[in-house]
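Number of protein chains: 2
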Amino acid sequence: MKRPTLEVVAARAGVSKSSVSRVVNGESTVAPEIRDVVMRAVRELGYVPNAAARNLVTRRTDAVAVVVSDPPQGVVSDDPLFATVVRAVSRELEAAGKQVVLMLAESDRSRARVEQYVAGGHVDGVMLIALHGTDPLPAALARTGLPTVSFNRTNAPEVPYVGLDNASGAALAVRHLLERGRRRIAVITGPLELYESRERLDGYRATLRDTGRRSIVALGDFTRVSGAEAMRQLLDDDPALDAVFASNDLMAIGALRTLREAGRRVPEDVAVVGFDDIEAAAYTTPALTSVRSPMADQARATVRLLLGLIEGGPREPVIMPNELVVREST
Amino acid sequence: MKRPTLEVVAARAGVSKSSVSRVVNGESTVAPEIRDVVMRAVRELGYVPNAAARNLVTRRTDAVAVVVSDPPQGVVSDDPLFATVVRAVSRELEAAGKQVVLMLAESDRSRARVEQYVAGGHVDGVMLIALHGTDPLPAALARTGLPTVSFNRTNAPEVPYVGLDNASGAALAVRHLLERGRRRIAVITGPLELYESRERLDGYRATLRDTGRRSIVALGDFTRVSGAEAMRQLLDDDPALDAVFASNDLMAIGALRTLREAGRRVPEDVAVVGFDDIEAAAYTTPALTSVRSPMADQARATVRLLLGLIEGGPREPVIMPNELVVREST
DNA sequence: CTGAAAGCGCTTACAG
DNA sequence: CTGAAAGCGCTTACAG
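Top line first, the protein sequences correspond to chains X and U. Each residue of the first sequence is one higher than the last, beginning at 1 in the numbering used here. Each residue of the second sequence is one higher than the last, beginning at 331 in the numbering used here.
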């Protein structure tokens, strides 16, 4: 069952291919009677335009590449950011009539594949979701000249992005802990090649410094297991600590487990604040206080930035606000 | 900076377009010296074939649609299944040289869009991830005649799938609870339009029936909040229950919260078993016993089924085994 | 407002 | 093994 072409629609309707094309593309310069007869033929034949032929001549693809760039050591496969952001991005892109081509960039090979594909003109633009701080992809994509934006800031300053005010988010968390009377406040950082990890650490440091307190730092990588390990190390190094700020909720969840295993009560002995306010934060024991980052909104704003760019709009970065959600862990 | 075409490569190399085409497509019937000169020209010019032109003549697309069909009432945006399965599917498809076109089917409009797109011959095949039991999409896709497979069984028997042995998974959970000496074992079901929800319920029922016990059933919809509510209801209806089998881990997490709020100790007063063994299961308080479903493996198997189908292979459904992972909650 | 014709950049029989 | 030519299914000036 071969698909009908413009030509057979034209024959059926008794008009030229040009007219059918105009009707199908909704041009206004078509006589009503022609439109009607063409519409009928289209319906009867079940005509769907051949995208390849159309793209070949128009040079538009109506597709956008969504590339998720993972760190070499891999990520948590169930990372809530992936689901939330990819879903929100797809929904918004589809609403704008764009096809979503999802690409994972995890290895040098797959990175090369992404570059090829993008340089090959298969898409109108690129939305980057970089879970990784040191990769050459953002700069490489920017070099292709194709409209490219990033969810969160990358290591390539020329790529416009929608980010968070991470430092003030962290400050929110630390000030809250101080107000609760906590005196020895530790931090568990994200991977430090990531811009948002560094900003969250800076916000923590600056806030403590302002009150004359010292920082207590353990390194994590945004996974639950790294949060659990960092917490263990913090407890060893400074058994008297009475609060911890984890740079994301997944690590806070890991820290909570370590604290429970160590017999520390939360929040009585140690208060815990996370970052992101993922859905799971409301279901931990005790429920987690967290700095909310509006991931879905941020994702939508990133799409709008990209669509604007494709239309020749401005490339101004956008910063989303965040707020503290207080629950039982502090 | 216009991209170079076959024609300019041919001119540069001093050969015909046909020869360039053959070299680029790796045909073996090309003299080595021609191959070399063409390769050089390709490299120097940075030639990348125009996919639209190629598709137009070959009628292959080297793309696969991954359609995620959500229920009308929406889903948990951070559903770990989405991240795990979409990631695994993409990775596997990319390894096979297929482009991944991600499509969300959430409304009638987006469903129509998916059908159009698929019928429009933009892809070589379709991988369906249906989080929803009553939708017309599986049957509609099957009707297009395009190779279509589903992650988990759908309501359209003609769509081949890779599923789980849900009934025996549930039986594993219930037998384990019986062995632990539990006598009043409740179940929290998933949405009953979903095949796997019904199978898990059946497995629970059959196992209890075999030991002469009665079922205690509460309805959920696979979200945390529905698990929390179902647990509240179960506690009201049967305060003496001493175990609950939740049909997925998200609902088990919700149930855990309700039990804590109600002052029931887990597992001393009430034992809890989940299903799926998502990463979060190891981080609940107490850590959750769960029936592991090998989501990533299942995703990969589904991709292989699809690739086979595209090559004209068999359409036999595949059933993956599952096993019980015992932790602290039982 | 409508139609005939050229052209987008490839691949693929076909002849040589 | 190589090249000239036709053709894939559209859109888009251009003339009328």
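Built from N, CA and C at the ideal position, the CB exists for glycine as well. These numbers were taken from a predicted model, which means no experiment stands behind them.
In chain U, no part has a C-beta under 8 Å from the C-beta of Glu-229 of chain X; the shortest such distance is about 13 Å.
In this chain, the alpha helix (DSSP H) harbouring Ala-139 of chain X covers 137-143. Of the residues U:Leu-336, U:Arg-657, U:Glu-646, the one whose Cα lies closest to the Cα of Gly-493 of chain U is U:Glu-646.
Between the segment 508-522 of chain U and the segment 530-547 of chain U there are three or more C-beta pairs closer than 8 Å, enough to call the two in contact. A residue is called buried when at least 16 other Cβ atoms come within 10 angstroms of its Cβ; Ser-620 of chain U meets this threshold and is buried.
Contact of Pro-4 of chain X with chain U by beta-carbon distance below 9 Å is absent, the smallest such distance being about 12 Å. Counting only runs that start and end inside the segment 50-130 of chain X, the beta strand (DSSP E) elements of at least 3 residues fall at 63-69, 99-105, 125-130.
Distance between Ser-28 of chain X and Glu-92 of chain X, taken at the CA atoms: about 28 Å. Relative to the Cα of Ile-253 of chain X, the nearest Cα in the group X:Asp-238, X:Gly-227, X:Phe-245, X:Gln-233 belongs to X:Gly-227. Chain order gives the chain X residues near Leu-386 of chain U as Asn-50, Ala-52, Ala-53, Asn-55, Leu-56, where near means a beta carbon separation below 9 Å.
Looking only at X:Glu-179, X:Ala-167, X:Pro-136, X:Arg-209, the smallest Cα-Cα distance to Val-159 of chain X is reached by X:Pro-136. Residue pairing by DSSP places Asp-276 of chain X opposite X:Arg-292 in a beta bridge. With fewer than 16 neighbouring CB atoms inside 10 Å of its own CB, Val-656 of chain U falls in the exposed class. Contact holds between the segment 120-138 of chain X and the segment 53-65 of chain X, because three or more Cβ pairs, one in each stretch, are under 8 Å apart. The Cβ atoms of Arg-530 of chain U and Gly-499 of chain U lie closer than 9 Å to each other. With a cutoff of 9 Å on beta-carbon distance, Pro-72 of chain X and Leu-250 of chain X are scored as not near each other. Secondary structure at Thr-632 of chain U: helix, using DSSP grouped into helix, strand and coil.
Using a CB distance below 9 Å, the part of the segment 103-123 of chain X facing chain U consists of Met-103, Leu-104, Glu-106, Ser-110, Arg-113, Gln-116, Tyr-117, Ala-119, Gly-120, Gly-121, His-122, ordered along the chain. Using a Cβ-Cβ cut-off of 8 Å, Val-339 of chain U is close to nothing in chain X; its nearest Cβ partner there is about 14 Å away.
Pairing Asn-652 of chain U with Asp-495 of chain U gives a Cβ-Cβ distance under 9 Å.
Proximity of Pro-410 of chain U to chain X, defined by a Cβ-Cβ separation below 9 Å, is satisfied. When Cβ-Cβ separations below 9 Å define contact, Val-416 of chain U makes contact with chain X. Exclusion of the five residues before and after Asn-55 of chain X leaves Thr-61 as the residues of its chain whose Cβ lies within less than 7 Å of its Cβ.
Gly-308 of chain X and Pro-314 of chain X have their C-alpha atoms spaced approximately 7 Å apart. DSSP links Phe-575 of chain U through a beta bridge to U:Val-517, U:Val-603.
Under the three-state reduction of DSSP output, Val-326 of chain X falls in the coil class, being neither helix nor strand. Taking all protein chains in view, the Cβ of Asn-355 of chain U is surrounded by fewer than 16 other Cβ atoms within 10 Å, so the residue is classified as exposed. Between Asn-50 of chain X and Arg-3 of chain X, the C-beta spacing is below 9 Å. For Gly-163 of chain X, DSSP records a beta bridge to X:Ile-319. Residue contact with chain X for Gly-376 of chain U: present (Cβ-Cβ distance below 9 Å to some residue of chain X).
At a beta-carbon threshold of 9 Å, none of the residues of chain U lie near Val-273 of chain X; the nearest stands roughly 17 Å away.
Contact between Ser-90 of chain X and Leu-458 of chain U fails: their C-beta atoms lie close to 15 Å from each other, not under 8 Å. Listed by position along chain X, the residues whose Cβ is nearer than 8 Å to that of Ile-583 of chain U are Ala-280, Tyr-283. Counted as a single uninterrupted DSSP element, the alpha helix (DSSP H) harbouring Ser-527 of chain U occupies residues 525-540.
Annotation for Ala-611 of chain U: no alpha helix (DSSP H) segment contains it, and DSSP assigns it neither H nor E. The beta carbons of Ala-486 of chain U and Glu-445 of chain U sit no closer together than 9 Å.
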